[in-house]
Amino acid sequence: MLTRLEKAQQKWGGSHTVIDKWLSERQELLVLYCRIAGFSPYDKKDHALPDQLQIQNFCQLLMDYLSAGHFEVYDDIAKACEQKGPNSQQLANELYPRISQTTDIALDFNDKYAEVDKEDLLNDFDDDLSKLGETLELRFELEDELIDNLYSNHT
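All the letters of the sequence shown, read from the start, carry residue numbers 1 to 155 under my numbering.
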């Protein structure tokens, strides 16, 4: 996921401030995801769950990222695709529902973990985090396809 992000930043970075900000938020989200998942260099020494504050911060950043996509970036891209023509608009229309499906999974994760407290037993956390990671990977791929559609057809 981080490699995909680096490629996206190299390819589209500096071309639109909204997309730059969004890719920067994606980077923050991925770093925090890696931290709570215990990926290198954030290996969990005792294989314990992350603390509640880390989980809450991750959930907040996740919601910020999803909101920015749905209420800022996608609207800008949709308007640009409409102006470009039917092929561009058709691809955007095909991608939005698939992106929305990933939103539902991320919202479920947030609903389950945003308000955790230190006494909560988080038996499904690792499985849910893994599922969310797979979902985010798919989402980023779809978002990148959407952004590529915009830039390949509008620059």
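Think of the CB as a built atom: it goes at the ideal place given N, C-alpha and C, for glycine as much as any other residue.
Where the alpha helix (DSSP H) containing residue i begins and where it ends
i: Asp124; result: Per DSSP, Asp124 belongs to no alpha helix (DSSP H) and is neither H nor E.
i: Val18; result: 17–37
i: Asp108; result: 86–113
i: Phe58; result: 52–68
Residues near residue i in its chain [Cβ-Cβ closer than 7 Å; skip 5 each side]
i: Leu132; result: Ile105, Ala106, Phe109
i: Ala68; result: Trp22, Glu25
i: Ala92; result: Ile77, Ala78, Cys81, Leu146, Asn149
i: Val73; result: Val18, Ile19, Trp22
i: Leu49; result: Leu122, Phe125
For residue i, the three-state DSSP class (helix, strand or coil)
i: Leu146; result: helix
i: Leu129; result: helix
i: Lys118; result: coil
i: Leu49; result: coil
Neighbourhood of residue i by C-beta, 6 Å cutoff - its chain only, sequence neighbours within 5 removed
i: Leu142; result: Leu95, Arg98, Ile99
For residue j and residue i, believed in contact at Cβ under 8 Å, the rounded distance
i: Gly32; j: Leu61; result: Reading off the sequence shown, one finds Leu at residue 32, where the question assumed Gly. The pair is a contact, with the Cβ atoms about 6 Å apart (cut-off 8 Å).
i: Lys112; j: Asp128; result: 7 Å
Nonlocal neighbours in the same chain, by C-beta distance under 8 Å from residue i, ignoring five residues either side
i: Asp117; result: Gln52
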